[in-house]
Amino acid sequence: MVHSVELVFDPDTEATIRGIWDALRDAGIPSQAPAARPHATLTVAERIDPAVDAVLASLSDRFPMPCRIGAPLFFGRAKAVLARLVVPTAALLELHAEVHRLCGPYTHPSPMANALPDAWTAHVTLARRVVPAQMGRAVRIAGKPAEITGAIAGLRRWDGDAKREYPIR
1 MVHSVELVFD PDTEATIRGI WDALRDAGIP SQAPAARPHA TLTVAERIDP AVDAVLASLS
61 DRFPMPCRIG APLFFGRAKA VLARLVVPTA ALLELHAEVH RLCGPYTHPS PMANALPDAW
121 TAHVTLARRV VPAQMGRAVR IAGKPAEITG AIAGLRRWDG DAKREYPIR
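Going by UniProt numbering, the first residue of the sequence shown is number 1, and it counts up by one from there.
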């Protein structure tokens, strides 16, 4: 499995995303509901040492951070991932770069390439394994509301092996 450090949202933003998940699921599209928690991954590796939590706690004063969740997008073509873009502000990109820098010594073997600064696409995953026949309906559902104005509440470390989250305070 993988380990990651992720952004988590305030309750209202999370509820809006969960509402989209539910609408996708109700339409027969394989959404993230109900098993996951809405998040945006900052860095991901095969393993992230739990000692990073104390280092990342130094970033706590940056939260809450305003965010806008924008347009839907697909990663892949057949059996694609449906997501919504987290609009990349200067503050968000600076936070991402700082998390990447701080996590470097704690990631093993190294962070995955798509999470590196200058290669990262900030997004919230809505559904996985969306086939071409579902894409039109999926994007119509996922695109409402057109923009979500919310807040990032903080960070968590996700241990994919244990399927457990560790809030970073």
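Just so it is clear, CB atoms sit at the ideal spot from N, CA and C, and this is done for glycine as well.
>> Could you give the first and the last residue of the continuous alpha helix (DSSP H) run that contains residue 15?
In response: Residue mapping note: residue 15 aligns to position 15 of the sequence shown, counting from 1. Per DSSP, the unbroken alpha helix (DSSP H) holding residue 15 starts and ends at 11-26.
> Cβ of residue 49 less than 9 Å from any chain D Cβ?
Replying inline: Within the model displayed, chain D is absent; a lone protein chain is all it includes.
> When the Cα of residue 122 is compared with those of 50, 28, 91, 24, which residue comes out closest?
Replying inline: Sequence index remark: in the sequence shown, residue 122 carries index 122 (1-based). Closest in C-alpha terms to residue 122, from the list 50, 28, 91, 24, comes 91.
> Per DSSP, residue 158 forms a beta bridge with which residues?
Replying inline: Numbered from 1 along the sequence shown, position 158 holds the residue referred to as residue 158. Looking at the DSSP assignment, residue 158 forms a beta bridge with 4, 165.
>> If you follow the beta strand (DSSP E) that residue 65 is in, where does it begin and where does it stop?
In response: As a first step, residue 65 must be located in the sequence shown, where it is residue number 65. Here the beta strand (DSSP E) through residue 65 covers 65-75.
>> Just verifying my parser: in three-state terms, what is the DSSP assignment at residue 137?
In response: Translated into the one-based positions of the sequence shown, residue 137 becomes position 137. The answer is helix: DSSP assigns residue 137 an H, G or I state.
> When the Cα of residue 76 is compared with those of 150, 128, 113, which residue comes out closest?
Replying inline: The count along the sequence shown starts at 1 and reaches residue 76 at position 76. By alpha-carbon distance to residue 76, the top candidate from 150, 128, 113 is 128.
> Who are the near neighbours of residue 24 in its chain, counting only those whose CB is closer than 7 Å to its CB and skipping five residues on each side?
Replying inline: Along the sequence shown, read from residue 1 onward, the residue named residue 24 stands at position 24. Only 31, 126, 127, 138, 141, 142 meet the Cβ criterion.
> Pairing CB atoms from the region 146-155 with CB atoms from the region 105-117, are three or more of them under 8 Å?
Replying inline: At 8 Å Cβ cutoff, the stretches do not touch.
> With which residues is residue 102 paired in a DSSP beta bridge?
Replying inline: As a position in the sequence shown, residue 102 is number 102, starting the count at 1. Bridge partners of residue 102: none, in fact.
> Ends of the beta strand (DSSP E) at residue 40?
Replying inline: Numbered from its first residue, the sequence shown carries residue 40 at position 40. Element bounds for residue 40: 39-45.
> Can you list the beta strand (DSSP E) stretches of 3 or more residues lying completely in the region 107-135, in chain order?
Replying inline: 123-130
>> With distance defined between alpha-carbon atoms, name the residue in 43, 135, 37, 51 nearest to residue 120.
In response: Start at 1 with the first residue of the sequence shown, and residue 120 comes out as number 120. It is 43.
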